[in-house]
Amino acid sequence: MEAYLNGNGTAANRCMSVFLRVIKGEYDRTLNWPVNLHMVVILVNQSGQNMECLKAGGHQFQFMQPQGHADSETDCWGLIEFVSHELIRRKDYISGDKIVIKCRLMILPS
């Protein structure tokens, strides 16, 4: 997972962007491609009192088998405007200069 804390593309300087990238690996030959996934990204509230989390995604998408080694040669899916900087500051998502991001992936049948 890639996180751009200061945003990426159209979200630059106003939102956090998160992406999942599939890279080439040693088990690629044993997997059934393409891979269908369901992804949810969660930003955890660290206040200790109110454990409200921000969830986004819930989308299904398909990754093809990676062919190259460079980022530009691999599939990427994500949320350009995952959460605004204003909401991150207002809702106790930062604690000690740290944020906690969780990612739930489910592999779907082909």
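First residue of the sequence shown? That's 760 in this note's numbering, and the numbers climb one at a time after it.
Glycine residues also receive a C-beta, built at the ideal position from the N, C-alpha and C atoms.
On the three-state DSSP scale, how would you describe residue i?
| i | result |
| --- | --- |
| I839 | strand |
| I847 | helix |
| A762 | strand |
By alpha-carbon positions, which one of the options ends up nearest to residue i?
| i | options | result |
| --- | --- | --- |
| L785 | V842, L796, S843 and Q824 | The question names Leu, but residue 785 is Glu in the sequence shown. Answer by Cα proximity: Q824. |
| I858 | L838, L802, T769 and Q819 | L802 |
| R849 | W836, C862, H818 and L813 | L813 |
| Q826 | Q805, P793 and R863 | P793 |
Answer with buried or exposed for residue i, where buried requires no fewer than 16 other C-beta atoms within 10 angstroms of its C-beta.
| i | result |
| --- | --- |
| C774 | buried |
| S869 | exposed |
| L779 | buried |
Where does the unbroken beta strand (DSSP E) through residue i begin, and where does it stop?
| i | result |
| --- | --- |
| K861 | I860 to L867 |
From the beta carbon of residue i, is the nearest beta carbon of chain D less than 8 Å away?
| i | result |
| --- | --- |
| V781 | Reference to chain D is not applicable here, since this structure consists of a single protein chain. |
Problem set entry | Start-end ranges of the beta strand (DSSP E) lying completely within the region 777-817, minimum 3 residues | Within the region 777-817, the complete beta strand (DSSP E) runs of at least 3 residues are 794-802.
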